[in-house]
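Colleague: Residues 1 to 172 in full-length UniProt numbering are what the sequence shown spells out, letter by letter. Glycine is no exception: its CB is placed at the ideal position from the N, C-alpha and C atoms. Model, not experiment: these values are computed from the prediction.
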Amino acid sequence: MKRRIITILIILICFFLQGSLFQKLTFASIRPNLMIVVTASFGFMRGQKEGMFVGFLSGLLADLFWGYALGFNALLFTVVGYLNGMFERLFYEDDIKLPIGLIGASELFYGIMTYVGMYMLQGDFAFGTHLMQIILPELVYTILVTLLLYQIILHINKRLEEEEQRSASKFV
């Protein structure tokens, strides 16, 4: 129960940061996607179910406050959480390469699917322009923010796991 509450708090904090602080820290109208970082991180740290849970909540918040179609972001983030959860067995806390690679791939997937769902289906076929002006700059910015945010999420996850192991050992 404590893990769920802390997970929801992390989602809400990142949502508020993305909607307030990072609105002011935009570069050429590009801001990092903290919700992708949170969703992917929980996916490969905790598995597919946790990744889907975090992804759905993150996507639902994005849909309710910034989205064009209710459910679009919820679906994309849920898929991102599920796919990252497939890498749980490869995840090692000391290795930063896998998290950076997975978060980068998740951001790229999100950017491409957003282009397809929101722009291409409306007749905008300028994918190259969209890729160079929005998707790739947002990818770079998100990876830079990931270097800090991932460390915070990792630290919180370690503390929760240690506490869960201590509490489990009391009952054995």
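Put F27 into one of helix, strand or coil per three-state DSSP.
Modeller: strand
Colleague: Alpha carbons only, please: which of T39, I8, T7 is nearest the one belonging to T142?
Modeller: T39
Colleague: Under a Cβ-count criterion, where at least 16 other Cβ atoms within 10 Å of its own Cβ denotes burial, should S29 be classed as buried or exposed?
Modeller: exposed
Colleague: Please determine, among I112, G19, N33, L149, the residue with the shortest C-alpha to C-alpha distance to T129.
Modeller: I112
Colleague: In the region 80-128, which residue ranges form an unbroken alpha helix (DSSP H) of at least 4 residues, counting only runs that do not cross its ends?
Modeller: 97-114
Colleague: Looking only at its own chain, which residues have a Cβ that is under 6 Å from the Cβ of N73, when we skip the five neighbours before and after it?
Modeller: G59, A62, D63, G67
Colleague: How big is the Cα-Cα spacing for M52 and F16?
Modeller: Counting only the Cα atoms, F16 lies some 20 Å from M52.
Colleague: For the alpha helix (DSSP H) containing M132, list its first residue and its last residue.
Modeller: Taken as a continuous stretch (DSSP letters only), M132 belongs to no alpha helix (DSSP H), as it is neither H nor E.
Colleague: Can you have a look at E138 and say buried or exposed, based on whether 16 or more other CB atoms are within 10 angstroms of its CB?
Modeller: buried
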